[in-house]
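Following this note's numbering, the numbering of the sequence shown begins with 166 at its first residue and continues without gaps.
The structure appears below as structure tokens.
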Amino acid sequence: MPLAVYILGLSVFALGTSEFMLSGLLPPIADDMNVSIPQAGLLISAFAIGMVVGAPLLAVATLRLPRRTTLIALISVFGLGQVAGALAPTYEVLFASRVVSALACAGFWAVGAAVAIAMVPVNQRARAMAVMIGGLSIANVLGVPMGAFLGEHLGWRSAFWAVGVASAVALVGVVTRIPYIPLPEKKPQLRQELAIYRDRQVWLAIVITALAAGGVFCAFSYLAPLLTDVAGLGSGWVPWILGLFGVGALIGTTIGGRVADAHLFGVLLSGITASTVFLAALALFASSQVAVVALAFLLGLSAFFTAPALNARMFNVAGAAPTLAGATTTAAFNLGNTSGPWLGGTVIDADFGFASTAWAGAAMTLLALAAVAVALRLQRGGDGGGLVRSRLIAKGGAARGERTAPVAGTAECAAGSPTQP
166 MPLAVYILGL SVFALGTSEF MLSGLLPPIA DDMNVSIPQA GLLISAFAIG MVVGAPLLAV
226 ATLRLPRRTT LIALISVFGL GQVAGALAPT YEVLFASRVV SALACAGFWA VGAAVAIAMV
286 PVNQRARAMA VMIGGLSIAN VLGVPMGAFL GEHLGWRSAF WAVGVASAVA LVGVVTRIPY
346 IPLPEKKPQL RQELAIYRDR QVWLAIVITA LAAGGVFCAF SYLAPLLTDV AGLGSGWVPW
406 ILGLFGVGAL IGTTIGGRVA DAHLFGVLLS GITASTVFLA ALALFASSQV AVVALAFLLG
466 LSAFFTAPAL NARMFNVAGA APTLAGATTT AAFNLGNTSG PWLGGTVIDA DFGFASTAWA
526 GAAMTLLALA AVAVALRLQR GGDGGGLVRS RLIAKGGAAR GERTAPVAGT AECAAGSPTQ
586 P
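Given below as structure tokens:
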């Protein structure tokens, strides 16, 4: 595995830490900026909105730009966004810095994934992507708790400075270690790729991903005040419990990644069901310190156990769009990361209490389960997704006089073994 792939993983560690660290910094940010906890929670949504908008737009906008130059520019903008956040004099400036950082983050994800795959043989692509995703998992294990620890002892701005430093280290690595990646000879046909959005299974995959992610982050975004104000734990416990969520996420990603290819719908149904149960339990036992600690770990486990299957499902049904499939997945996850904290803030503003965020999250995951059931029923009925994809591939093959193989997710392959995206 080239060292450059690990440099991309280090970069993702900085990106992921910035994206999720606010869950442990909401109380001090709210106090310093003279806003409510729900208003501070909108900073999480701001980042997610930037990811939703930025992933597809920057994936398309940077198609014809040199990959290495694009990565350098994006990680630089991201680092400057962290500095702007650390120096922000007002809530509005902090909010704007989160949006700008998110746009750069989304673009780096889209371009970085393409670069990682381009640098390795075909039989090592999954490994290369695992290194990048591993950076995100480690961010949940180490980066997010460290951000909360710094916020507790040195003020919340110190966490932004720390991510800025990590971004600078990543920038040096990108400049010195990422090789020149030539642009593909055949330019992607955007009109052809956009055709995937006529497939209802693509839209079901987006809905499932957004609801499954949003349900968990509806509660996770307000976990710090729930731990301190409802469970009665000291603020010093928050970094450790966030780290426990990250440990669960790392374990869940490892297990889910091993079984999702063979049992995709089984992973979706069992993982989202488990998240629903854990969220309901968190709402019921929010005042129990032992219960909330255990449930923080279990929620990380169930949420990230499901994540590989959510990614694989999108690539199965949107495989005709190599440019937009990954960007659509990123946008769908962050659509959930936007709606979840917003819904959580809404129920808090309605005076239902911090524990109510878990009930709201459970409602979202229940809807995700319903959408999975619809997708599974359609697949068993012969519409496994990728119908537009199969028609486009067949059309291209016919034009070249080729015989095309069945596409994973279509009726022809529905009864066969799963195909890796």
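Ideal Cβ placement from N, Cα and C applies to all residues, glycine included.
All of these numbers come straight from a predicted model, not from anything done at the bench.
message = Assuming A451 and V381 are in contact, meaning their beta carbons sit under 8 angstroms apart, how far apart are those beta carbons, in whole angstroms?
response = By one-based count along the sequence shown, residue 451 stands at place 286. By one-based count along the sequence shown, residue 381 stands at place 216. Incorrect: roughly 16 angstroms between the Cβ atoms, too far for contact.
query = For A249, which residues from the same chain have a beta carbon less than 6 angstroms from its beta carbon, with the 5 sequence-adjacent residues on both sides left out?
reply = Within the sequence shown, residue 249 is the residue found at index 84, counting from 1. Cβ within range, chain order: S262.
Own chain partners of A520 with C-beta closer than 7 angstroms, once the 5 adjacent residues on each side are dropped = Stepping through the sequence shown from its first residue, residue 520 is reached at position 355. Within the same chain, A520 has close Cβ partners L391, V395, A448 and A451.
query = Mind checking whether the beta-carbon of S400 lies closer than 8 angstroms to any heavy atom of the ligand NAP?
reply = Only the bare structure without any ligand can be found here, which leaves the ligand NAP out of the picture.
inquiry  = In this structure, how does DSSP classify R229 when only helix, strand and coil are distinguished?
reply    = As a working note, residue 229 is residue 64 in the sequence shown. Looking at R229 - three-state DSSP - the assignment turns out to be coil, as it is neither helix nor strand.
ask   = Hey, which unbroken runs of the alpha helix (DSSP H) at 4 residues or more fall wholly within the region 341–390?
value = 355–359 and 365–385
message = Measuring straight from C-alpha to C-alpha, what distance separates D196 and S323?
response = Counted from its first residue, the sequence shown places residue 196 at position 31. Counted from its first residue, the sequence shown places residue 323 at position 158. In a straight line, the C-alpha of D196 is about 16 angstroms away from that of S323.
task = Would you identify the three-state DSSP class for S188, choosing helix, strand or coil?
result = As a first step, residue 188 must be located in the sequence shown, where it is residue number 23. Helix.
task = Apply the 10 Å Cβ neighbour rule to L517 and answer buried if 16 or more other Cβ atoms are within range, or exposed otherwise.
result = Sequence index remark: in the sequence shown, residue 517 carries index 352 (1-based). Contrary to the premise, residue 517 reads as Phe rather than Leu in this sequence. With fewer than 16 other Cβ atoms within 10 Å, it is exposed.
ask   = DSSP on R556, reduced to helix/strand/coil?
value = Looking up residue 556 in the sequence shown gives position 391. In this predicted model, R556 has a pLDDT of only 48, less than 50, meaning its place in the structure is not dependable; the value taken from the coordinates is given anyway. Looking at R556 - three-state DSSP - the assignment turns out to be helix.
ask   = Going by other Cβ atoms of all chains shown within 10 Å of its Cβ, with 16 needed for buried, is P473 buried or exposed?
value = Taking the sequence shown and counting its residues from 1, one reaches residue 473 at position 308. That one is buried.
request  = Note the first and the last residue of the continuous alpha helix (DSSP H) segment covering T493.
outcome  = Against the sequence shown, residue 493 aligns to sequence position 328. Element bounds for T493: L489 to D514.
Terminal residues of the alpha helix (DSSP H) in which N305 lies = The residue labelled residue 305 in the question sits at position 140 within the sequence shown. Segment: none, N305 is in no alpha helix (DSSP H) and carries neither H nor E.
ask   = Mind checking whether A540 and I298 have CB atoms under 9 angstroms apart?
value = By one-based count along the sequence shown, residue 540 stands at place 375. By one-based count along the sequence shown, residue 298 stands at place 133. Going by C-beta atoms, A540 is not nearer than 9 angstroms to I298.
task = Would you mind working out which of L534, M198 and S210 sits nearest T438, comparing C-alpha positions?
result = Residue mapping note: residue 438 aligns to position 273 of the sequence shown, counting from 1. Nearest C-alpha to T438: L534.
key: the region 321–341 contacting the region 238–253, beta-carbon criterion three pairs below 8 angstroms   = yes
task = For the alpha helix (DSSP H) holding W405, just list the boundary residues, first then last.
result = As a working mapping, residue 405 is identified with position 240 in the sequence shown. Start and end: V403 to V424.
ask   = Applying the criterion that 16 or more other CB atoms from any shown protein chain within 10 Å of the CB defines a buried residue, is E640 buried or exposed?
value = Because the chain spans 166 through 586 in this model, residue 640 falls outside it and cannot be assessed.
key: Secondary structure, alpha helix (DSSP H): runs of 4+ residues fully inside the region 195–242   = Whole alpha helix (DSSP H) segments, 4+ residues: 202–226.
request  = Flag this pair as touching only if the region 255–273 and the region 180–194 have three or more C-beta atom pairs under 8 angstroms; answer yes or no.
outcome  = yes
ask   = Does the beta-carbon distance from G526 to A293 come in below 9 angstroms?
value = Within the sequence shown, residue 526 is the residue found at index 361, counting from 1. Within the sequence shown, residue 293 is the residue found at index 128, counting from 1. Cβ distance not < 9 angstroms, so G526 and A293 don't count as in contact.
key: Spatial distance of Y362 from T235 (CA atoms)   = Residue numbering aside, residue 362 sits at position 197 when the sequence shown is read from its first letter. Residue numbering aside, residue 235 sits at position 70 when the sequence shown is read from its first letter. The alpha-carbon atoms of Y362 and T235 are separated by roughly 27 angstroms.
ask   = What residues in its chain sit with their C-beta under 8 angstroms from that of M284, if we drop five residues either side in the sequence?
value = As a first step, residue 284 is located in the sequence shown; it is residue number 119 there, counting from the start. If we look at M284 and ignore the five residues flanking it on each side, its Cβ neighbours are P167, A169, V170, A293, P344 and I346.
query = What are the boundary residues of the alpha helix (DSSP H) that G320 is part of?
reply = By one-based count along the sequence shown, residue 320 stands at place 155. No alpha helix (DSSP H) contains G320, which DSSP labels as neither H nor E.
task = Please report the residue range of the alpha helix (DSSP H) in which L392 lies.
result = In the sequence shown, the residue the question calls residue 392 occupies position 227. If you look at L392, you'll find it isn't in any alpha helix (DSSP H); DSSP assigns it neither H nor E.
query = Buried or exposed: where does N595 fall if 16 or more other Cβ atoms within 10 Å of its Cβ makes it buried?
reply = What the structure shows of the chain is the stretch from 166 to 586, and residue 595 is not part of that stretch, so it cannot be assessed.
inquiry  = Which of the three DSSP states is assigned to T255 in this structure?
reply    = Position 90 of the sequence shown, counting from 1, holds the residue named residue 255. DSSP, read as helix, strand or coil, puts T255 in coil.
key: C-alpha gap between A528 and L543, whole angstroms   = Reading the sequence shown from its first residue, position 363 is the one you call residue 528. Reading the sequence shown from its first residue, position 378 is the one you call residue 543. If I take the Cα positions, the gap works out to 23 angstroms.
ask   = So which of F260, D364, S241 and T503 has the shortest CA-CA distance to A377?
value = Here residue 377 refers to the residue found at position 212 when the sequence shown is read from its first residue. When only C-alpha atoms are compared, the closest one is T503.
query = So S188 packs on S386, CB below 8 angstroms; how close in whole Å?
reply = The residue given as residue 188 occupies position 23 in the sequence shown. The residue given as residue 386 occupies position 221 in the sequence shown. At roughly 5 angstroms, the Cβ-Cβ gap stays under 8 angstroms, so S188 and S386 are in contact.
C-beta contact flag for I371 and A492 at 9 angstroms = Along the sequence shown, read from residue 1 onward, the residue named residue 371 stands at position 206. Along the sequence shown, read from residue 1 onward, the residue named residue 492 stands at position 327. Not closer than 9 angstroms, so no.
request  = Just the C-alpha distance for I214 and G501, rounded to the nearest angstrom, thanks.
outcome  = Position 49 of the sequence shown holds residue 214. Position 336 of the sequence shown holds residue 501. Each residue's Cα considered, the two are about 10 angstroms apart.
query = Is DSSP giving V285 helix, strand or coil here?
reply = Residue 285 sits at position 120 when you count from the first residue of the sequence shown. Here V285 carries a coil assignment [DSSP, helix/strand/coil].
ask   = What residue range is occupied by the uninterrupted alpha helix (DSSP H) comprising S452?
value = Sequence index remark: in the sequence shown, residue 452 carries index 287 (1-based). Segment: none, S452 is in no alpha helix (DSSP H) and carries neither H nor E.
request  = Below 8 angstroms on the Cβ atoms is my guess for L433 versus V537; work out the distance and round it to an integer in Å.
outcome  = Locating residue 433 in the sequence shown gives position 268, counting from the first residue. Locating residue 537 in the sequence shown gives position 372, counting from the first residue. 5 angstroms between Cβ atoms; contact.
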